[in-house]
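First up is the structure itself, then whatever we jot down about it.
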Amino acid sequence: MSTLSLRGVTVNFPFPPYDCQKDYMNKVLECLQRKVNGVLESPTGTGKTLCLLCATLAWREHFKDTISARKIAERLHGEQMFPNTPLSSWGTAATDGETPTYYTDVPKIIYASRTHSQLAQVINELKNTSYRPKVCVLGSREQLCINQEVMRQESNHVKVHMCRNKVSTRSCLYYNNVEEKSTDRDLVNSILDVEDLVKFGNKQRVCPYYLSRSLKQQADIVFMPYNYLLDPKSRRAHNIELNGAVVIFDEAHNVEKTCEESTSFDLTPYDLASAISAVDRLLVEQAKEASHGDSEDYNIESLSSDLKIDITTIAKIKQILLDLEAAIDSYDVPGDKGLTKPGIFIYELLERAHLTYSSKTAVQEALEQITGHLAGQAGIFLNTGGLDKLANIIQLVFCGEPSDTDRQQQMQTNTAHFKVHIHKDTSSQRKKQSTDVWASSSSKKQGNILSYWCFSPGFSMQDLVNQGVRCIILTSGTLSPLSSFTSEMRIEFPVCLENGHVIERDQIFVSIIERGPDGVHLSSAFDRRFVPENMASLGNTVANLSRVVPHGLLVFFPSFPLMEKTLDFWRANGHADRIENIKPMFVEPKGKGTFTEVIDGYYNKVNDPASKGGTFFAVCRGKASEGLDFADTFGRGVIITGLPFPPRMDPRVILKMQFLDEMSRKKAPGLKYLSGQEWYRQQAFRAVNQAIGRVIRHKEDYGAIFLCDQRFKSSDARAQLPSWVRPYVRLYDGFGNVVRDASQFFRVAQKMRPVVEKKAAAESCRTVCSSDSQPSTFTSCSSSQSSVTQKAKVLDAHLPSLKRRRLNEHAGAGGMARICIEYEREAQESHRRPANLLDALERGDHHGGEDGEAAAGEEKANRLSTLSLQFDKRMDDELRGGKRKIKLVQEQKTSVSDDVTEEGKASRAKMFLAEMKKSLSQVNFDRIVQALQTYKKTDNLDVLLTETAVLTEDANTHSLLRGFYQFVRPHHKKRFDEKCQELTGQGCGYKPDHSLSKDEKKALMLQTATDRQPAVGLTSSSGTSSCSQLSTQQLNGGGRHLNQQGLRQPQTGSAPKAEVHAVFLSDVKKALGAEKSAQLFQSIHSYKKTDNYENLVTTVVSLFTERDEDFNLLVRFGVFIRPQHKKQYKEMLDALIGQSVSAAAAAAAAADVAPVSEDQENKASSSPPLRTQSKISSFFSSSQRK
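Going by our numbering, the first residue of the sequence shown is number 25, and it counts up by one from there.
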């Protein structure tokens, strides 16, 4: 427990708070002490709920302490009780100097969130603090009632009136125990959420609903969904006292919508028809009673709720209903658009039904009498919803009690933010009528709907302020831009905060994917969303990303209809099967009922150690995008499939935009309104930002965000993203680069922040420690930790941020922790890309793939980037799978990594120089660049060595010096390596063949191919050097020959390279058909001319990833990739296929031609192990020539 003092208040916090948490609590305390409203944005994962609770409860305790100090001071008549502690230090500012102050003046805290599930999470956070206030959670009868007779009723209105009836007659056993149990010590001193209350009620046989209402009186903090607070009728029903209270709205990004909806209504023909039917029933009943003059048929319940109005009043109510129905239907509504009138028109319309300020009280009382009487009757319960709705409408429209002279002004004020809209009833409501046996014939016809819509949340907010609240605090992870948010609320917010995130740059990957794997533009725009090519491209995108993202993947669609149609298309065209095969699909249901089952199924699948995770498909603004927690493995990636704009043709959306445009034109002094278009865009991005917030849930979490809509690439769109996301956004032209960088991000993240694998204990120990699956050094659980340490040492070879802050190479077991701390600190300072592995991959391409002994392997890993990647990949694979690893190696390896084109060199040089520029002063950088240009012109190595000597002065820049090795010409490489060894204590990984020129290497390769057929061997990954040989002839045979005994007879012939291509292209024609094959051949031809790798990969991936059975063709296509692009292609394959495929690629190509080509050798030279021997066998059998 950590204690800190903020603004004179002592706050107890469960752990030492981050700076952003201190800032947040400071702002909360400022609102409370100054009695002003605040709007506070803090990203999901920064612990805002915990801060909010600790700050408010600490201030409340401080407030009480101040009252105690005052009371003591009064008793002492000005003397100091504690001479060393003056009274002023007790925090008198907490009560703003108000005197006298009593304990009853201590403000109640009302904490509102959107749903009960979100409130349950808040209450769990409260349990983690040291504060133990008296707590109350308000809920509806639907959630809290445990009387089975009441709960059996379908209609909520009937439940309410039946419950009230039982309470008034004391015929509910559970209610009768409330008074006795409400003082139960266990209940009063416990922190209970809705579920806990129901459990307590069932155990003690006491009504949870009335229990929560009785607890409310004594509670220090009251939790409730915020519609209870914003809806005036709910506030009255729950008797919520707001005077002097502190009101907190958590997840406040939805407050605007709730404010508008709580003060709006839609009166349908069905509502009026059911109300008329109910009144008709009562009239018939009363007429019979009057004619018979007796009430013998009435039971005791009906007597107790007997009507206090006469039959004439009931008839008047019926006449009002009929007149109102006729008035609404009298308007000729033009087509689908409907008829819109100013808000004040509602009074004119209701007056035609004799509803005015003068008659409102009498009508309201009569409606309550009728509703209560009908609901209290035994037997069939009538639908009294229509009568209830009319009573609520009268309360809403005729609010206030103006005098005759002020009435017009009151009416203008009441309706300033409203519009009346009359439109045809085309809803599905009429389907319900057949189930209501009392529905009148009038309900069968189509009529008009009367809508009275509020377009400013300020109406409800002003109402709260008028209730005398102390202050209102709105907080959420997605409120920005704050200026427009506060302007909509129409009340002052002097305190504002836009907080940063607690995560480092290596924990988040954000990419805008403009095109799918097939090169088709991705867009959810109205004219594109249902285009088959667009849906197919999106399906390919999700399928491929599901291979890259580990564990849980969330996919958000703009709306339910779009999600349903897209999923139907994917099921029909095989995309869904591809996703299902990798990560089983779970889809958010529309209704509440099955949501829990679906989400539990997803959680279980992600937790299952035998699975690769799961995919959860949901909707922006839906339940999954709001309050659910997808921490750690449950949400490693979020895919946003489009911008969820509100439906543009929806009358309410049109009118909202018109209303805002009208208000903007008026330009009232001191008030700022958004334009309609600004509001429309903002709604979409608020929903996107809320969905994005699912991915990072705490300080150690990490994940990727994929924005799959071309509209995200505009600078305006990116500016609408959360402030903590914007610095990390990357825009990609080609899909292959996304896969490469995302897989690289997850490799590094999993290394830096390993999550405990969810495996059975015995299996886990066996997996990590098995001598089959680990280098021979690591033979016990304790020593497996050292492998992690050793891996971590190698990270600085790949990560720029580690290069600049190199740690002691010989650190002991604490090295991992030190590197992690150093890495996090550096990442916070640097805004460079977190893991630029391309330089390391390309520089290390010529270093071998042999493992050797563990100690030797560790030494090599510190300098050979390719080997260290293989080592890390193997460690990760073994931790996940724990099976014996088999690796294909070449007996004869020839390095060709220096054989790159001029374009490839230029690209690499650009990246390296950009890296160096960030690490050096401008003067030093310019001098080194000049020296490099001079060396290229004069071939004088001494000039380069002289100018680069500045890099030896600081250990942080040693790696930059070694980076120049890639630019040194072959005949200078040995000397440069020796100089590096001398100056920095570490060489550049020089090998004799590095000194060979390009032509010499080719000649050597041809000589080798002629003299000796390279054989392929199988080696255990445990580091043993012995292996038995397999000839390519046997590999062509496939199947039964694939064992560790084989022929060693070398091949003497040398088939031309063209044969490899011919056989492969023949297989492609069979698999893809003529049209797609032509497309592929065209892209290969173009690649040979332009060397444009991105265009080639875009086409290839789209063609070969449509069907899983074509993936072996994608692997074999490697023979067409030029040497400078092979590393990128290999990374993409590794990511797409979910395992390292380099060895398989070599073998697949070997299956088509006897001699192993230069390309294949290059692949095999850096081949990490495959998962199992059986997988190799199955691969060969599926890819052999038929």
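Even for Gly, the Cβ is constructed at its ideal location relative to N, Cα and C.
Starting from the C-beta of Ser1206, find all residues in its chain whose C-beta is less than 7 Å away, skip the five residues before and the five after it, and write them out in chain order. Note that Ser1206 has pLDDT 42, beneath the 50 cutoff, so the model's placement of it is unreliable and the number below is only indicative. Closer than 7 Å at Cβ, skipping near neighbours: Asn1136.
From Arg735 to His545, what distance separates their C-alpha atoms? 10 Å
Below 7 Å CB to CB, which residues in the same chain sit around His995 once its five sequence neighbours on both sides are set aside? Ser1019
Whole angstroms are fine: how far does the CA of Leu291 sit from the CA of Leu474? 5 Å
Let me know the secondary structure DSSP gives Gly1142 once reduced to three states. helix
I need the straight-line Cα distance from Ser747 to Thr502, nearest angstrom please. 10 Å
Top-ranked residue by Cα proximity to Arg777, from Arg932, Ile527, Pro671, Asp765: Ile527
Can you tell me the Cβ-Cβ gap for Leu578 and Val662, rounded? I've got them flagged as a contact below 8 Å. 5 Å
Can you tell me whether DSSP reads Ser137 as helix, strand or coil? strand
Which ranges would you report for the alpha helix (DSSP H) in the region 218-279 if only whole runs of at least 4 residues count? 218-228, 232-242, 250-254, 256-261
Beta-carbon proximity list for Leu239, same chain, < 6 Å, skipping 5 on both sides: Cys160
Please report the residue range of the beta strand (DSSP E) in which Met609 lies. 609-611
Taking Ala711 as the reference, which of Gly758, Ala743, Arg645 has the closest Cα? Arg645
Of all the options Asp674, Val677, Leu698, Arg676, which has the alpha carbon lying nearest to the alpha carbon of Asp685? Leu698
Which residues does DSSP list as the beta-bridge partners of Glu65? Ser500, Glu522
With contact counted as at least three CB pairs below 8 Å, one residue from each stretch, are the region 435-446 and the region 494-513 in contact? no
Nearest to Gln65 by CA position, among Leu506, Pro633, Lys365, Gly625, is which residue? Residue 65 is actually Glu in this sequence, not Gln. Taking only the C-alpha atoms, the option nearest Glu65 is Leu506.
Per the DSSP calculation, Ser29 is bridged to which residue(s)? Thr34
Could you tell me which whole alpha helix (DSSP H) segments of length 4 or greater appear in the region 188-222? 197-200, 202-205, 209-212
Along the alpha helix (DSSP H) that carries Thr970, what are the first and last residues, could you check? 965-972
Candidates Gly540, Phe1105, His525: which alpha carbon is nearest Asp43's? His525
Per DSSP, the bridge partner or partners of Tyr756: Ile537
Considering only C-alpha positions, which residue in the set Tyr135, Ser154, Thr80 is nearest to Phe37? Ser154
Classification of Val308 by the beta-carbon crowding that lies within 10 angstroms, buried from 16 upward: exposed
Is DSSP giving His378 helix, strand or coil here? coil
Compute the beta-carbon to beta-carbon distance between Leu984 and Met940, rounded to the nearest angstrom, for a pair I have assumed lies under 8 Å. 5 Å
Own chain, CB closer than 7 Å to Glu724, minus 5 neighbours either side, in chain order: Arg777
If we count the other Cβ atoms within 10 Å of its Cβ and call it buried at 16 or more, is Phe39 buried or exposed? exposed
Could you tell me if Pro131 is buried or exposed, where buried requires 16 or more neighbouring beta carbons within 10 angstroms of its beta carbon? buried
Beta-carbon proximity check, Ala82 vs Val146, cutoff 8 Å: no
For Asn152, count neighbouring Cβ atoms within 10 angstroms of its own Cβ and tell me buried if that reaches 16, exposed if not. exposed
Can you give me the C-alpha to C-alpha distance between Ser1101 and Met1156, rounded to a whole angstrom? 22 Å
Measuring CA to CA, which of Leu975, Phe273, Asp208 is closest to Ile133? Phe273
Would you kindly report the start and end of the unbroken alpha helix (DSSP H) that includes Ala979? That residue, Ala979, is in no alpha helix (DSSP H); it is neither H nor E in DSSP.
Taking Ile394 and Leu306 to be in contact with their CB atoms under 8 Å, please state how far apart those CB atoms are, rounded to whole angstroms. 6 Å
Quick one: what does DSSP say Lys636 is sitting in, helix, strand or coil? coil
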